[in-house]
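Comments concern the structure below.
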Amino acid sequence: MKDARRSFLKQSSLGLLGALTIPSVFNELPAITLPKQDDKIDPQNEKYWTLVRQQFPLQKDWAYLNNGTMGPSPYPVIEAVHKGMMEGDVYGNYGGWENTHAKIAQFVGANEDEIALTHNVTDGINIACWGIPLKKGDEVILTTHEHVGNAFPWLNRQKLHGIKIKVFTPASTAAETLERIQALYTKKTKAIAVPHIPCTIGQILPVKEICAWAKEKGIFSLIDGAHGPGMLLLDLHQMGCDAYASCCHKWMLGPKGTGFLYIRKDFQETLQTYFVGGGSDNGKWNMATDPIKSGAYANNAHRYYGGTQGLGLYKGVDAAIAFIDNIGMENIYNRINYLGKYTQDNLMALGDKIEMLTPTEQNSRCAINGFRIKGFDFSKFYAKCAEQKIRIRMVAENEINCVRISTHIYNNTNEIERFIEIVKKEI
Ligand SMILES: Cc1ncc(COP(=O)(O)O)c(C=O)c1O
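In this text, residue positions in the sequence shown follow our numbering: the first is 31, and each later residue adds one.
So this is what it looks like as structure tokens:
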């Protein structure tokens with residue numbers, strides 16, 4: 031008995047970790063560390079941004095211009111996921127992901143108790159959509175530019191509960207967009223659920239003004255924030271939304287299958303919980319009594335999710351935030367903005383055959399550009415790009431039928447020019 035225990039303790043010690051064979055892909059992680067940036071970095075300092083690119087396992091000959099779908103993780107994130115898994119798998123450690131609430135909160139301008147961990151944007155939108163008290167005939171405002179992840183939950187409630195969805199098309203200026211929203215308001219309007227940045231043509235909606243208007247009218251504001259964190263400088267308290275659903279696997283460059291939902295503290299008593307379990311409680315649950323009746327929910331956003339999470343994944347999220355902080359979110363914003371404008375300007379310089387759908391207004395444009403080549407089938411163009419090792423996205427949804435380019439800090443102007451050359455051949 032004693033021997034068995036000794037052998038178990040020996041196996042759970044660090045000694046075993048040393049004896050493990052580390053998979054070869056892990057050995058291949060390059061040991062380049064970025065210098066800590068305390069200063070402003072010039073968005074056109076290609077020497078520095080090339081160093082940043084070397085932090086990513088992206089293939090050198092491929093131009094990855096589709097960050098809007100998925101943000102590749104840099105090596106420190108991949109390494110943190112591996113280490114986080116080892117913590118559980120070597121020592122049998124449980125938990126640890128709870129620390130990520132505070133890190134995400136700080137990153138997006140919220141409080142720790144306002145963050146629920148999720149696995150993607152869709153999870154967060156569903157939690158918010160289901161939790162809102164709505165009855166038959168209540169109206170909810172959406173756009174005609176929704177991703178299926180923000181459209182389907184509401185369409186589902188329309189089918190199941192008889193709510194009514196009203197839509198507007200975002201305009202080319204923030205002011206006109208607001209007017210279109212206000213024109214949809216009736217006494218039955220109960221919520222507005224719009225993207226911060228639609229996945230289609232990447233225009234930034236005036237969310238702060240939308241949320242202020244919603245508050246004035248007494249309606250809920252729920253933002254699909256798939257493309258906010260890691261692209262824009264965020265302060266959710268300042269934005270004033272009731273809920274903001276996002277993921278860590280796009281612009282934050284975190285592990286795939288990680289996300290979060292921000293729920294404003296004062297809104298937590300209104301937003302009902304439907305998906306509950308370990309962690310959603312306040313520790314006083316007891317099957318011998320009926321504690322739910324007396325309010326046994328966690329006194330924070332943890333009430334909206336329950337159960338075991340992947341420690342490795344959330345260690346990866348922590349590492350992604352540290353990676354961004356090291357470069358500086360403002361520096362990242364400036365670089366992303368520079369590349370986005372570079373793409374837009376160069377496309378528009380090609381003349382009338384390019385129909386640029388993303389607005390040019392500074393506050394409305396970002397790192398995502400959507401455009402059409404007049405008279406050219408966008409799906410054929412997509413195939414041409416793939417042949418040339420350029421990854422982009424087609425926007426076939428909602429009959430928008432355009433091409434989308436989205437660039438992050440690992441991209442450079444050479445890659446954008448390679449892409450422009452392909453466009454030139456087709457016009
Ligand atoms: C605007 C928008 N909303 C929602 C989603 C869904 O995100 P997820 O796959 O993380 O649920 C996406 C994904 O591309 C998106 O672009």
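Each residue gets a CB set at the ideal place from its N, CA and C atoms; glycine is no exception.
Being a predicted model, the structure only gives us computed values, none of them experimental.
Item to check | Residue span of the alpha helix (DSSP H) that contains residue 375, given as start and end | outcome: Within the sequence shown, the letter at position 345 stands for residue 375. That run of the alpha helix (DSSP H) goes 359-378.
Checklist entry - Just checking my contact of residue 446 with residue 338 at CB under 8 Å: how many whole Å lie between their CB atoms? => result Stepping through the sequence shown from its first residue, residue 446 is reached at position 416. Stepping through the sequence shown from its first residue, residue 338 is reached at position 308. Between residue 338 and residue 446 the Cβ distance is about 42 Å, and since that is not below 8 Å, they are no contact.
Checklist entry - What residues in its chain sit with their C-beta under 7 Å from that of residue 111, if we drop five residues either side in the sequence? => result Numbered from 1 along the sequence shown, position 81 holds the residue referred to as residue 111. Take residue 111, set aside five residues on each side of it, and the residues of its chain with a beta-carbon closer than 7 Å to its own are 285, 342, 343, 345, 346, in chain order.
Next on the checklist: Report the CB separation of residue 185 from residue 195 in whole angstroms; it is logged as a contact under 8 Å.
Outcome noted: Counting from 1 along the sequence shown, the entry for residue 185 is found at position 155. Counting from 1 along the sequence shown, the entry for residue 195 is found at position 165. Confirmed, Cβ separation roughly 7 Å.
Item to check | Inter-residue spacing [alpha-carbon to alpha-carbon] between residue 92 and residue 448 | outcome: Within the sequence shown, the letter at position 62 stands for residue 92. Within the sequence shown, the letter at position 418 stands for residue 448. Here the alpha carbons of residue 448 and residue 92 stand approximately 11 Å from one another.
Next on the checklist: To the nearest angstrom, how far is the alpha carbon of residue 315 from that of residue 431?
Outcome noted: Numbered from its first residue, the sequence shown carries residue 315 at position 285. Numbered from its first residue, the sequence shown carries residue 431 at position 401. Approximately 52 Å, taken between the alpha carbons.
Checklist entry - Should residue 178 go down as buried or exposed, given a rule of 16 or more other Cβ atoms within 10 Å for buried? => result Here residue 178 refers to the residue found at position 148 of the sequence shown. Exposed is the call here.
Checklist entry - What are the boundary residues of the beta strand (DSSP E) that residue 437 is part of? => result Taking the first residue of the sequence shown as 1, we reach residue 437 at position 407. Careful: residue 437 lies outside any beta strand (DSSP E) and carries neither H nor E.
Checklist entry - Near residue 306, what residues of its chain come up, given a Cβ to Cβ distance below 6 Å and the 5 sequence neighbours on each side ignored? => result Numbered from 1 along the sequence shown, position 276 holds the residue referred to as residue 306. Result list for residue 306: 336, in chain order.
Item to check | Residues sharing a beta bridge with residue 427, DSSP | outcome: The residue given as residue 427 occupies position 397 in the sequence shown. DSSP output for residue 427 lists no bridge partner at all.
Item to check | Start and end residues, beta strand (DSSP E) containing residue 254 | outcome: Sequence index remark: in the sequence shown, residue 254 carries index 224 (1-based). Counting along the chain, the beta strand (DSSP E) containing residue 254 begins and ends at 250-254.
Checklist entry - Could you give the distance in angstroms between the alpha-carbon of residue 421 and the alpha-carbon of residue 439? => result Within the sequence shown, the letter at position 391 stands for residue 421. Within the sequence shown, the letter at position 409 stands for residue 439. Each residue's alpha carbon lies about 16 Å from the other.
Next on the checklist: Taking 8 Å as the threshold (C-beta atoms), are residue 450 and residue 383 in contact?
Outcome noted: Here residue 383 refers to the residue found at position 353 of the sequence shown. Here residue 450 refers to the residue found at position 420 of the sequence shown. It is not a contact, given that the beta carbons lie outside the stated cut-off.
Item to check | Three-state class that DSSP yields for residue 39 in the structure shown | outcome: Position 9 of the sequence shown holds residue 39. Note that residue 39 scores a pLDDT of 38, beneath 50, so its modelled location is shaky; the value from the coordinates is reported in the next line. For residue 39, the secondary structure class from DSSP, reduced to helix, strand or coil, is helix.
Next on the checklist: According to DSSP, is residue 311 part of a helix, a strand, or is it coil?
Outcome noted: Along the sequence shown, one-based indexing puts residue 311 at 281. Of the three classes helix, strand and coil, the one that applies to residue 311 here is strand, per DSSP.
Next on the checklist: Per DSSP, what are the beta-bridge partners of residue 421 in this structure?
Outcome noted: Counted from its first residue, the sequence shown places residue 421 at position 391. Its beta-bridge partners are 94.
Next on the checklist: Rounding to the nearest angstrom, what Cα-Cα distance links residue 326 and residue 214 in this structure?
Outcome noted: In the sequence shown, the residue the question calls residue 326 occupies position 296. In the sequence shown, the residue the question calls residue 214 occupies position 184. The alpha-carbon atoms of residue 326 and residue 214 are separated by roughly 39 Å.
Checklist entry - Is the beta carbon of residue 200 within less than 7 Å of some heavy atom of ligand 1? => result The residue given as residue 200 occupies position 170 in the sequence shown. No - ligand 1 has no heavy atom lying nearer than 7 Å to the Cβ of residue 200.
Next on the checklist: With distance defined between alpha-carbon atoms, name the residue in 362, 400, 396, 424 nearest to residue 83.
Outcome noted: Residue mapping note: residue 83 aligns to position 53 of the sequence shown, counting from 1. For the residues 362, 400, 396, 424, the minimum Cα distance to residue 83 belongs to 362.
Next on the checklist: Quick check on the burial criterion: 16 or more other C-beta atoms within 10 angstroms. Buried or exposed for residue 181?
Outcome noted: Within the sequence shown, residue 181 is the residue found at index 151, counting from 1. Label assigned to residue 181: buried.
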